[in-house]
Structures are given as structure tokens and as C-alpha cells.
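Have a look at the structure below before the remarks.
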Amino acid sequence: GRNADDYFNNLQPLISKIVYMPAPGNHEYMPIIGDNGANFQNRFKVPSGNNDYYTFAIGRIRFIIISTEIYYAMETPRRFWRTKKMIDWLYNVMKHANNNRDKQPWVVVVGHRPLYCTSSKPCRCTNGSTFVRKGFKNFGRYFGITPLEDVLYETGVDLVFSGHNHHYERTLPVYNHQFALKLQLLNSSASDPYFNPKASVYIVTGAAVC
Numbered sequence: 001g002r003n004a005d006d007y008f009n010n011l012q013p014l015i016s017k018i019v020y021m022p023a024p025g026n027h028e029y030m031p032i033i034g035d036n037g038a039n040f041q042n043r044f045k046v047p048s049g050n051n052d053y054y055t056f057a058i059g060r061i062r063f064i065i066i067s068t069e070i071y072y073a074m075e076t077p078r079r080f081w082r083t084k085k086m087i088d089w090l091y092n093v094m095k096h097a098n099n100n101r102d103k104q105p106w107v108v109v110v111g112h113r114p115l116y117c118t119s120s121k122p123c124r125c126t127n128g129s130t131f132v133r134k135g136f137k138n139f140g141r142y143f144g145i146t147p148l149e150d151v152l153y154e155t156g157v158d159l160v161f162s163g164h165n166h167h168y169e170r171t172l173p174v175y176n177h178q179f180a181l182k183l184q185l186l187n188s189s190a191s192d193p194y195f196n197p198k199a200s201v202y203i204v205t206g207a208a209v210c
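If you're matching positions, the sequence shown starts at 1 in full-length UniProt numbering and goes up one per residue.
And the structure:
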């Protein structure tokens, strides 16, 4: 609506000159009020034709945009189906990315809701981040849906950017709430934990518009 028009009018001098690739968030998909993301879908058209999740490469970096909002869809059967479809797609993209590490050695995933954060609000971190990381627990495994964090770890994603929370945070390489050094998942030393880590680093950007 009008707020979105004002937002993009203000951004026009910037986004007309640089790459601007969106990732859907909770303000784009608000099923509790009947918003199914139509506004987001109509305002953006990425090359793949799927605004919810897509991939592109710039220089030495492979970017993968995912939708964390799929986990929060109101219709349970559709939620399982859409999530499985995205996870299967992510596996295929990472297979291609890992076969081309000589061209793009860095793989960066971008999604709105963080997998790790420390906000005191349960809906944002205590419960919310766990849901995004681990998904549907037994139901998800029953439907063949691998938890998102497991996919990122198994396929070797280097860096994960998220927003949602309006404060900046970053982690050491971490998997399943254990720092990779503690689990001996690194090729590096304690003095250089980011050298060839075996787990992803997670960053919450803290931007006010995320």
C-alpha cells in the first residue's frame, strides 16, 4: 500500500544503481490477517520466477535466498509441502554450489528470521529461532523434511545472514548450539576459528528495516 510506495520512492536513488535482491519476512507474509504475500510477489520479480527462494552469484560469492516464513504458514498440509519443496531445492542448489567452489568459494544464505539470537522475547529467539532451525521435529522427519540447520551444516554453507531482530549479533561457527571448536569441527585453531570452519557463522544484521 501507501507505506510500501513511500519506502521504495525513498530508496529509488539507491536501488536504481545497486543490486537489490529481496528476502520475504514476517511483514510480507502475515497469515493471521490473511496476507498471503501477494504484495511482495507482485512488487518483485527475480530472474528465477520464484520470489520466496532463489540463488545468484556475484563474483566469488554464491548467494542463496530462502524463505523462513514458509515454516509459519497457517495451512498445515500446505506448510509441510512447501517446506519440503524448499529444502529439496536447497539441497540441489548446494550440490551445484559445492561442485563450483573453484568459481564461488563462498556460499552465503540469506533468510529473514534468525536461526540463532539472544533476544529475551520468546517469540523471536527462545521459541522462534528453534522452530526455524529444527522445523517440525518428528512431524517434519515423518514427511521427509530435513531441519534447515542440518542442511546448512551438511552442505557446508559458510555464512548465514538474517534480520527480524533489531540488534546486531554474530556467532562463532556453530551447529546445534555447540561452537564448532568445542565439537572439534574445525580445521583451524582457537586463535583463528574462522579459517575453514566446518559449521556456519550466523549474523543478525540489526538493520531497522529488516
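All C-beta atoms in this analysis are idealised placements derived from N, C-alpha and C, irrespective of residue type, glycine included.
Here the structure is a predicted model, which means the values were calculated and not measured.
How far does the beta strand (DSSP E) with residue i in it reach, from first residue to last?
i, result
"T205", "No beta strand (DSSP E) contains T205, which DSSP labels as neither H nor E."
Please classify residue i: is it buried, with 16 or more other beta-carbons within 10 angstroms of its beta-carbon, or exposed?
i, result
"V132", "buried"
"V204", "buried"
"N196", "exposed"
"V174", "buried"
"S48", "exposed"
"G135", "buried"
"I58", "exposed"
Using DSSP's beta-bridge definition, name the partner residues of residue i.
i, result
"R62", "A57, V107"
"Q12", "For Q12, which the question treats as bridged, DSSP gives no partner whatsoever."
"E169", "V204"
Looking at the unbroken alpha helix (DSSP H) that takes in residue i, where does it start and where does it end?
i, result
"F161", "Per DSSP, F161 belongs to no alpha helix (DSSP H); it is in the beta strand (DSSP E), 159-162."
So, with DSSP's three-state summary, where would you put residue i?
i, result
"Y153", "helix"
"Y20", "coil"
"R43", "helix"
"E69", "helix"
"F80", "helix"
"Y175", "strand"
"K95", "helix"
Excluding the five sequence neighbours on either side, which residues of its own chain have a C-beta within less than 8 Å of the C-beta of residue i, listed in chain order?
i, result
"N26", "E69, Y72, H112, R113, H164"
"V160", "V108, V109, V110, G111, L115, L152, S200, V201, Y202, I203"
Apart from the five residues on each side of it in sequence, which residues of its chain come closer than 6 Å, Cβ to Cβ, to residue i?
i, result
"Q41", "N51"
Note down, in chain order, each residue of its chain lying with its Cβ closer than 7 Å to the Cβ of residue i, except the 5 sequence neighbours on either side.
i, result
"residue 219", "Nothing about residue 219 can be read from this structure; the chain reaches only from 1 to 210."
"W89", "Y53"
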